[in-house]
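Q: My questions will all concern the structure given below.
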Amino acid sequence: MTDEMVTKWGMQLGIPLVILFLMFIIWDLAKQSKAGRIGTFAMFLALSVGFIGYVIKVILQWQMEN
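Structure follows, in structure tokens:
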């Protein structure tokens, strides 16, 4: 395995796994703090903005390579 392959696998599998783990952490935090619907929505909205930014970055990189 080359360094490039490890980096590619890390970006394609590692980052989405970290994002899923962060979603679990936010869900658990919202549940423990009794944030309610609006608070939970706000927490997930903040995470979603970062996730959408990552997805846009991946799409733009793919377009620039092709």
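Using the working numbering, the letters of the sequence shown correspond one by one to residues 3 to 68.
Idealized CB from N, CA, C, for every residue including glycine.
Keep in mind that this is a model prediction, so the values were computed, not measured.
(1) How long is the line joining the alpha carbons of residue 70 and residue 10, rounded to whole angstroms?
(2) Using only the alpha-carbon positions, how far apart do residue 52 and residue 41 sit?
(3) Considering only residues of the same chain and omitting the five flanking positions on each side of residue 35, which have a CB-CB separation below 6 Å?
(4) Can you tell me where the alpha helix (DSSP H) holding residue 34 begins and where it ends?
A: This is what the structure gives:
(1) With the chain covering only 3 through 68, there is no way to say anything about residue 70.
(2) Counting from one through the sequence shown, the residue named residue 52 turns up at place 50. Counting from one through the sequence shown, the residue named residue 41 turns up at place 39. One C-alpha to the other measures close to 18 Å.
(3) Reading the sequence shown from its first residue, position 33 is the one you call residue 35. Once the five neighbours on either side are set aside, residue 35 has no close Cβ partner at all.
(4) As a position in the sequence shown, residue 34 is number 32, starting the count at 1. Unbroken alpha helix (DSSP H) run through residue 34: 17 to 35.
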